[in-house]
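See structure below.
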Amino acid sequence: MYIAAKTELGCLYAVYGLLCDHYGIGFYLGHEVVPFPKQKFYHVANGNFAYQPTAVNKKGEESERSPYASCLAGSADNKGPHIILVSPPSSIKRANSFSIKLRLLDNRLSTQLSAFLLYRRIGETKWMSMLLANKARAVFAVDISLFRAGAYEYYVIASDGKNKTRYPAEVGNNLSFVVEEKEVYQRLILNNLLAANDTIRWQRPIVKKISFIKVYRSPQKNFRPGTANFVCYLPAEASEYVDNRLDFNGIPMKGTYYYFVSAVDADDHETIQHTQLRICYR
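Using my numbering, the first residue of the sequence shown is number 48, and each one after it goes up by one.
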């Protein structure tokens, strides 16, 4: 796997997934060969460039060239990220959070990408803003608790550190959702919740109102459960959970991670259990 990431000064080209007998990489920029005995090559330049990597073993034997990967380097980069927001919510209950998750398409380094949500109650003049959390590479999410019922409008601004993009693109053409009046609902408790031997267990719930169970995970202690750290759904009859030990970028987890588990009813009322669980992966 290889990537060409644009930066303010040029292009950072990286190759992953080398076999153990591979010694280095050969980078081909047009007809120029740029040997480099590591997995990254930084090309300081301005313009639209295309690169072809090859793998080189310790004997100096070189593989065939990979397909071209292009990169708008330095000042040639004049386009902001492309925002993909699938099925944004149109109605929520006041007891729940307004949650969205989006993806930014841009071959900038993911550490340079950011996104903001701007929202307001329709009829009000002041916009509120919220920075989206980076869940994984180019994936961002946010949860907002709204305490007033009514209609709201919002839009998203994304940046690659230099260029900005708005979604929806047309100014004044905002997305909207309705916050319904709060309902009284029964809290759903999972008893005997504990973590041991890399497994989270709880007493099988007998309350028929539970529709499904949700799991949240973070390396940060006392984190706030939300879309940015949501892991998976479990069926209502589940009584344990074993993580796949991969983080949101697909990298094996090491060290201490913290978990919250919640129970959700048919009307999407969620009861997050007060017990925070800890698992140490080695």
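We treat Cβ as the ideally placed atom computed from N, Cα and C, and that holds for glycine.
Here the structure is a predicted model, which is why all the values come from computation and not from measurement.
Heavy atom of the ligand NAP within 7 Å of residue i beta-carbon
| i | result |
| --- | --- |
| Tyr-202 | In terms of ligand content, the structure shown is empty, and the ligand NAP therefore cannot be addressed. |
Inter-residue Cα distance where the pair is residue i and residue j
| i | j | result |
| --- | --- | --- |
| Asp-294 | Gly-94 | 35 Å |
| Val-170 | Phe-224 | The sequence as given places Gly at residue 170; Val does not occur at that position. Going by the C-alpha atoms only, they are around 14 Å apart. |
| Lys-140 | His-316 | 8 Å |
| Val-313 | Lys-105 | The question names Val, but residue 313 is Ala in the sequence shown. So the alpha carbons of these two residues sit roughly 60 Å apart. |
| Arg-167 | Leu-178 | 15 Å |
| Pro-252 | Leu-324 | 18 Å |
| Gln-159 | Ala-188 | 16 Å |
| Thr-54 | Val-311 | 43 Å |
| Arg-271 | Ala-120 | 38 Å |
| Asn-244 | Ser-309 | 21 Å |
Limits of the beta strand (DSSP E) - the one that residue i falls within
| i | result |
| --- | --- |
| Pro-128 | Counting along the chain, Pro-128 falls outside any beta strand (DSSP E), and DSSP gives it neither H nor E. |
| Gln-250 | Run containing Gln-250: none; DSSP gives neither H nor E here. |
| Ala-205 | 197 to 206 |
| Phe-163 | 161 to 168 |
| Asn-104 | 94 to 104 |
| Asn-181 | 180 to 183 |
| Asp-312 | 302 to 312 |
7 Å CB neighbourhood of residue i in its chain, flanking five on each side removed
| i | result |
| --- | --- |
| Asn-238 | Trp-249, Gln-250 |
| Pro-135 | Ile-147, Leu-222 |
| Leu-281 | Phe-259, Ile-260, Val-262, Tyr-288 |
| Pro-299 | Arg-292, Leu-293 |
Proximal residues to residue i (C-beta, below 8 Å), its chain only, five neighbours per side dropped
| i | result |
| --- | --- |
| Tyr-115 | Ala-97, Tyr-98, Gln-99 |
| Gln-267 | Tyr-305 |
| Ser-113 | Tyr-49, Gln-99, Pro-100, Thr-101 |
| Cys-67 | Any answer about Cys-67 is weak, because its pLDDT of 47 lies below 50 and its placement is not dependable; what the coordinates show is given next. Within the same chain, Cys-67 has no close Cβ partners at all. |
| Met-175 | Leu-165, Tyr-166, Arg-167 |
Cut-off 6 Å between Cβ atoms - residues of its own chain near residue i, not counting five sequence neighbours on either side
| i | result |
| --- | --- |
| Ser-117 | Ala-97 |
Strand pairing of residue i, partner residues [DSSP]
| i | result |
| --- | --- |
| Arg-329 | For Arg-329, which the question treats as bridged, DSSP gives no partner whatsoever. |
Item to check | Secondary structure, beta strand (DSSP E): runs of 3+ residues fully inside the segment 214 to 279 | outcome: 222 to 227, 241 to 243, 246 to 248, 257 to 265
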